[in-house]
Amino acid sequence: MLQDHLISAAHLSRDDIEAVLDHAAAVDADPDLVRGRHDGRVLALCFFEPSTRTKMSFESAMKRLGGETVDMGAVDSSSVKKGESLADTVRVIEGYADAIVLRHPSEGSAKLASEFVDVPLVNAGDGAGQHPSQTLLDLYTIRENAGLDDLTIGIMGDLKYGRTVHSLAHALTNFDARQHFISPESLRLPRSVRYDLHEAGAQVREHTDIEDVLSELDVLYVTRIQRERFPEEREYREVAGEYRIDAETLEAAPDDLTVMHPLPRVDEIAPDVDETTHAKYFEQAHNGVPVRMALLDILLGGDR
Amino acid sequence: MLQDHLISAAHLSRDDIEAVLDHAAAVDADPDLVRGRHDGRVLALCFFEPSTRTKMSFESAMKRLGGETVDMGAVDSSSVKKGESLADTVRVIEGYADAIVLRHPSEGSAKLASEFVDVPLVNAGDGAGQHPSQTLLDLYTIRENAGLDDLTIGIMGDLKYGRTVHSLAHALTNFDARQHFISPESLRLPRSVRYDLHEAGAQVREHTDIEDVLSELDVLYVTRIQRERFPEEREYREVAGEYRIDAETLEAAPDDLTVMHPLPRVDEIAPDVDETTHAKYFEQAHNGVPVRMALLDILLGGDR
Amino acid sequence: MLQDHLISAAHLSRDDIEAVLDHAAAVDADPDLVRGRHDGRVLALCFFEPSTRTKMSFESAMKRLGGETVDMGAVDSSSVKKGESLADTVRVIEGYADAIVLRHPSEGSAKLASEFVDVPLVNAGDGAGQHPSQTLLDLYTIRENAGLDDLTIGIMGDLKYGRTVHSLAHALTNFDARQHFISPESLRLPRSVRYDLHEAGAQVREHTDIEDVLSELDVLYVTRIQRERFPEEREYREVAGEYRIDAETLEAAPDDLTVMHPLPRVDEIAPDVDETTHAKYFEQAHNGVPVRMALLDILLGGDR
Numbered sequence: 001m002l003q004d005h006l007i008s009a010a011h012l013s014r015d016d017i018e019a020v021l022d023h024a025a026a027v028d029a030d031p032d033l034v035r036g037r038h039d040g041r042v043l044a045l046c047f048f049e050p051s052t053r054t055k056m057s058f059e060s061a062m063k064r065l066g067g068e069t070v071d072m073g074a075v076d077s078s079s080v081k082k083g084e085s086l087a088d089t090v091r092v093i094e095g096y097a098d099a100i101v102l103r104h105p106s107e108g109s110a111k112l113a114s115e116f117v118d119v120p121l122v123n124a125g126d127g128a129g130q131h132p133s134q135t136l137l138d139l140y141t142i143r144e145n146a147g148l149d150d151l152t153i154g155i156m157g158d159l160k161y162g163r164t165v166h167s168l169a170h171a172l173t174n175f176d177a178r179q180h181f182i183s184p185e186s187l188r189l190p191r192s193v194r195y196d197l198h199e200a201g202a203q204v205r206e207h208t209d210i211e212d213v214l215s216e217l218d219v220l221y222v223t224r225i226q227r228e229r230f231p232e233e234r235e236y237r238e239v240a241g242e243y244r245i246d247a248e249t250l251e252a253a254p255d256d257l258t259v260m261h262p263l264p265r266v267d268e269i270a271p272d273v274d275e276t277t278h279a280k281y282f283e284q285a286h287n288g289v290p291v292r293m294a295l296l297d298i299l300l301g302g303d304r
Numbered sequence: 305m306l307q308d309h310l311i312s313a314a315h316l317s318r319d320d321i322e323a324v325l326d327h328a329a330a331v332d333a334d335p336d337l338v339r340g341r342h343d344g345r346v347l348a349l350c351f352f353e354p355s356t357r358t359k360m361s362f363e364s365a366m367k368r369l370g371g372e373t374v375d376m377g378a379v380d381s382s383s384v385k386k387g388e389s390l391a392d393t394v395r396v397i398e399g400y401a402d403a404i405v406l407r408h409p410s411e412g413s414a415k416l417a418s419e420f421v422d423v424p425l426v427n428a429g430d431g432a433g434q435h436p437s438q439t440l441l442d443l444y445t446i447r448e449n450a451g452l453d454d455l456t457i458g459i460m461g462d463l464k465y466g467r468t469v470h471s472l473a474h475a476l477t478n479f480d481a482r483q484h485f486i487s488p489e490s491l492r493l494p495r496s497v498r499y500d501l502h503e504a505g506a507q508v509r510e511h512t513d514i515e516d517v518l519s520e521l522d523v524l525y526v527t528r529i530q531r532e533r534f535p536e537e538r539e540y541r542e543v544a545g546e547y548r549i550d551a552e553t554l555e556a557a558p559d560d561l562t563v564m565h566p567l568p569r570v571d572e573i574a575p576d577v578d579e580t581t582h583a584k585y586f587e588q589a590h591n592g593v594p595v596r597m598a599l600l601d602i603l604l605g606g607d608r
Numbered sequence: 609m610l611q612d613h614l615i616s617a618a619h620l621s622r623d624d625i626e627a628v629l630d631h632a633a634a635v636d637a638d639p640d641l642v643r644g645r646h647d648g649r650v651l652a653l654c655f656f657e658p659s660t661r662t663k664m665s666f667e668s669a670m671k672r673l674g675g676e677t678v679d680m681g682a683v684d685s686s687s688v689k690k691g692e693s694l695a696d697t698v699r700v701i702e703g704y705a706d707a708i709v710l711r712h713p714s715e716g717s718a719k720l721a722s723e724f725v726d727v728p729l730v731n732a733g734d735g736a737g738q739h740p741s742q743t744l745l746d747l748y749t750i751r752e753n754a755g756l757d758d759l760t761i762g763i764m765g766d767l768k769y770g771r772t773v774h775s776l777a778h779a780l781t782n783f784d785a786r787q788h789f790i791s792p793e794s795l796r797l798p799r800s801v802r803y804d805l806h807e808a809g810a811q812v813r814e815h816t817d818i819e820d821v822l823s824e825l826d827v828l829y830v831t832r833i834q835r836e837r838f839p840e841e842r843e844y845r846e847v848a849g850e851y852r853i854d855a856e857t858l859e860a861a862p863d864d865l866t867v868m869h870p871l872p873r874v875d876e877i878a879p880d881v882d883e884t885t886h887a888k889y890f891e892q893a894h895n896g897v898p899v900r901m902a903l904l905d906i907l908l909g910g911d912r
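Take a look at the structure:
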């Protein structure tokens, strides 16, 4: 699998995942291990939708491997605007690079694009589809802080639209994890995702109140509830207020609870949580670099 | 000539062209030849007009030479907006870089700018003017696939406005090439270009129908017919339909015909051509990298 | 001070300043001194406001040190748009980089941001606040051309709103410099700045006419008078015309007068000055590279 493209976390076996996480841990412990390894190699960044974090993180990862990046730039200044197909765009760009990172608004676009290129292609988000490197860094952060075996995790917030959440939940079925989903009724995990998790033999429970389960958790993964999901501001504020974590909320949590968030946060986690030992969301963001270094190093091939 | 700036393909002698193409072929065959050669050197990208391909291709070329790039960014966020002259802009930027690539909407701007700087400046398109590195990669692709001597080439599509076409036609007068121009009457090669080609002793014929000449061609160079050249949509569609190539069209072509296109294409070449052995337009785009590596390496000076 | 962040030129002692300028001079004389020194290290460029010069100059400096940059991109495509706080943004980004350069429209933002990160942070302009690396390159240019001791400098143009001017004037109080301020009454140095300079023991005089003092100057520092400061176009043009320098003006100046300008200029210095030996404003812009190389090298720590 990891010899060619990375399109979906769903394609990753437990062995694939552990290979990336182990290599990321080795790189994190000793960055010199891979320094200069990809000197003179080039990663193309093709972002058909804006992204700060994912792009900077891949860019930093490639550069810390000794490599370089070339950026397609904003879509409105590109050939796409002249009516070029995605297939043509990636076929041209593969000539400029040794690997491609693609973000695109259409679900399935990464799979489609990968069929036209010979260099490794990483899906960095395809609409409501997948964003597998985010899942890998989430798993890495969980493993470093709580371990991936005998894990009890709570996933809270917008579970209906959150691509990150669906992908993580799927990936966790590879491990011995009990998953608790906490959300308002209107933002519940979609039926299709629940079905898939059930099929995969996942241990899943749903809640509307974080208090019901907080004391059992090893990890609490919070996501943003977006204003635009609600017809009325009043309704949004009510819901957002109930699914907000602060230092006081966490007094009922185990001492070693790890709190995660894919960021950016707006109001879901109060700033007073930042000072607690629970807060691991900045570390989680930072983990994007070693995880993507490991991923790129594997995809590009260690030898030259 | 190639010791200082590259402003126009018209200034290039056959020896200059062959020096670049020979070096590009050597680099293409063995990229290690120049790897790390320009470590710590910086190329400034000054694009006053958007460009995906040309910019990424120069960027990739410089980085594969071990060098780096700095990008002026979009004009609307630059000092240009505060009323700065082009001469001042390039005089400041030459302090940040060892060479400059300039694209600017005004014809003659590259020549003007080059008079104010001491570092090598490459014209990457000046309005209706020149884009010499495109011409070099076109020549390289022709040479690799059909040879530049005893060549019969057809150039088809918008011959009136196509900067790429004019520049290529001029450059081909350095070689033993028969040039066939195929276009609707309304998009015929301008009189001034025909005059120049005649003066240079070129062997030129014009056609309105590709069938008249297809069986004789070694290379068919297709260009995009732009909607905005026609007052009415209906007229555009009629013309575009007649100057469109598909696999069926090519059945009448010699087996070893090379089909080229500067890309992006919209509808001029049907996707079913991609699968044929004629299709060389992606290879042509990819050739931008070794050709620009060779060009930059020569302009920057191999030694330090 | 220079072991951690660079927020304000006002925090720099004479020793700090001289350490940077001495190192810049050494780097300028022999760039190989630091070539490859920061291989594999990454500088994050966080520009919440557009900037061509400052960004390209930092980028070039980091790359000439062997390092790399990652760019946050335009604010409208970033997490900031989703409502993220500045503190969160820089806390995430420090995970991608070894140092941060920040430009932000709010005065005090650089100081605030620096309190949330462990990597060195350089203020590249915070609204009406500070832009210390500009001050350092100004001081470097003065020192190289006229020396910083027994200096007579004239600072002319918009002295009311010019952040660059206030910062330079403050910094010059560390040296034996006589400062002459030349401006229309309406664009006079603000009372608070005059007070601070007085407190610092500066030798200051104000003028409305450059002729009064031109013959005494070692350095004339010209700044742009912005159209938008004047309610009426007519008034702007009158004032701008009076505070404009051309080759004829400079006939009354000492032969070795150094003319500086932070650029971009519009009309304040006529193009005929460019040909004179007085013109040092392009050299001044170019000095941004060695000065920022020295600064980054000190902040990142020479050893690894």
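Residue numbers (my numbering), protein chains in the order written: chain A, 1 to 304; chain B, 305 to 608; chain C, 609 to 912. Positions of the beta carbon are idealized from the N, C-alpha and C atoms, including for glycine.
Please list, in chain order, the chain A residues whose beta carbon lies closer than 9 Å to that of residue i.
i: B:Val-317; result: Before going on, a small fix: residue 317 of chain B reads as Ser here, not Val. The premise fails here: B:Ser-317 is roughly 28 Å from chain A at the closest Cβ pair, so nothing lies under 9 Å.
i: B:Gly-340; result: Asp-39, Gly-40
i: B:Ser-364; result: Val-42, Ala-44, Glu-68, Val-70, Gly-95, Tyr-96, Ala-97
Give a yes or no on whether the minimum CB-CB distance between residue i and chain A is below 9 Å.
i: C:Lys-690; result: yes
i: B:Ser-496; result: no
i: B:Leu-599; result: no
Using 9 Å as the limit for Cβ to Cβ distance, is residue i near chain B?
i: C:Leu-871; result: yes
i: C:Gly-674; result: yes
i: C:Pro-639; result: yes
i: A:Val-20; result: no
i: C:Val-557; result: Because chain C is modelled from 609 through 912, residue 557 of chain C falls outside the range shown and cannot be assessed.
i: C:Arg-832; result: yes
Which residues in chain A sit within 8 Å of residue i, going by Cβ to Cβ distance?
i: C:Met-680; result: Thr-52, Met-56
i: B:Val-570; result: Lys-82, Gly-83, Glu-84
Could you tell me whether any Cβ in chain C is nearer than 9 Å to the Cβ of residue i?
i: A:Val-101; result: no
i: B:Gly-605; result: no
i: B:Asp-380; result: yes
i: A:Lys-160; result: no
Kindly list, in the order they appear in chain B, the residues whose Cβ is closer than 8 Å to that of residue i.
i: A:Val-305; result: No answer is possible for residue 305 of chain A: the residues shown for chain A start at 1 and end at 304.
Near residue i, which residues of its chain fall below 6 Å by C-beta distance, leaving aside the five closest residues on each side in sequence?
i: B:Thr-373; result: Leu-347, Leu-349, Glu-363, Met-366
i: C:Ile-763; result: Val-773, Phe-789, Tyr-829
i: B:Leu-455; result: Ala-481, Asp-522
Using C-beta distances below 8 Å, list every residue in its chain close to residue i, excluding the 5 sequence neighbours before and after it, in chain order.
i: A:Ala-128; result: Glu-107, Tyr-161, Arg-163
i: C:Gln-738; result: Ile-615, Ser-616, Ala-617, Ala-618, Ala-718, Asn-731, Arg-771, Ser-775
i: C:Val-727; result: Glu-702, Ala-705, Asp-706, Ala-707, Ile-708
Starting from the beta carbon of residue i, find every residue of chain B whose beta carbon is closer than 9 Å, and list them in chain order.
i: C:Phe-890; result: Asp-392, Arg-395, Val-396, Glu-398, Gly-399
For a contact meaning CB atoms closer than 7 Å, what does residue i contact in chain B?
i: C:His-894; result: Gly-399
Under 7 Å Cβ-Cβ, which residues of chain C neighbour residue i?
i: A:Val-165; result: Chain C residues near A:Val-165: none, gap ~17 Å exceeds 7 Å.
Can you name, in chain order, every residue of its own chain whose Cβ lies under 7 Å from the Cβ of residue i, other than the five neighbours on each side?
i: C:Thr-749; result: Met-868, Lys-888, Glu-891, Gln-892, Asn-895
i: B:Ser-418; result: His-309, Ile-311, Leu-425
i: B:Leu-463; result: Val-469, Phe-485, Ser-487, Leu-491, Arg-492, Leu-493
Please compile the residues from chain C whose C-beta is within a distance smaller than 8 Å of the C-beta of residue i.
i: A:Lys-63; result: Gly-648, Val-650, Glu-676, Val-678
Contact between the stretch 623–641 of chain C and the stretch 795–804 of chain C is defined here as three or more beta-carbon pairs at a separation below 8 Å; is this criterion met? No, the stretch 623–641 of chain C does not touch the stretch 795–804 of chain C.
Under 7 Å (Cβ pairs) to chain C, residues found in the stretch 230–260 of chain A: none
Give a yes or no on contact between the stretch 442–453 of chain B and the stretch 559–575 of chain B, applying the rule of three or more CB pairs nearer than 8 Å. In the pairwise beta carbon analysis, the stretch 442–453 of chain B is classified as touching the stretch 559–575 of chain B: at least three pairs are separated by under 8 Å.
Stretch-stretch touch, CB-based, cutoff 8 Å, three pairs: the stretch 192–206 of chain A with the stretch 231–242 of chain A: no
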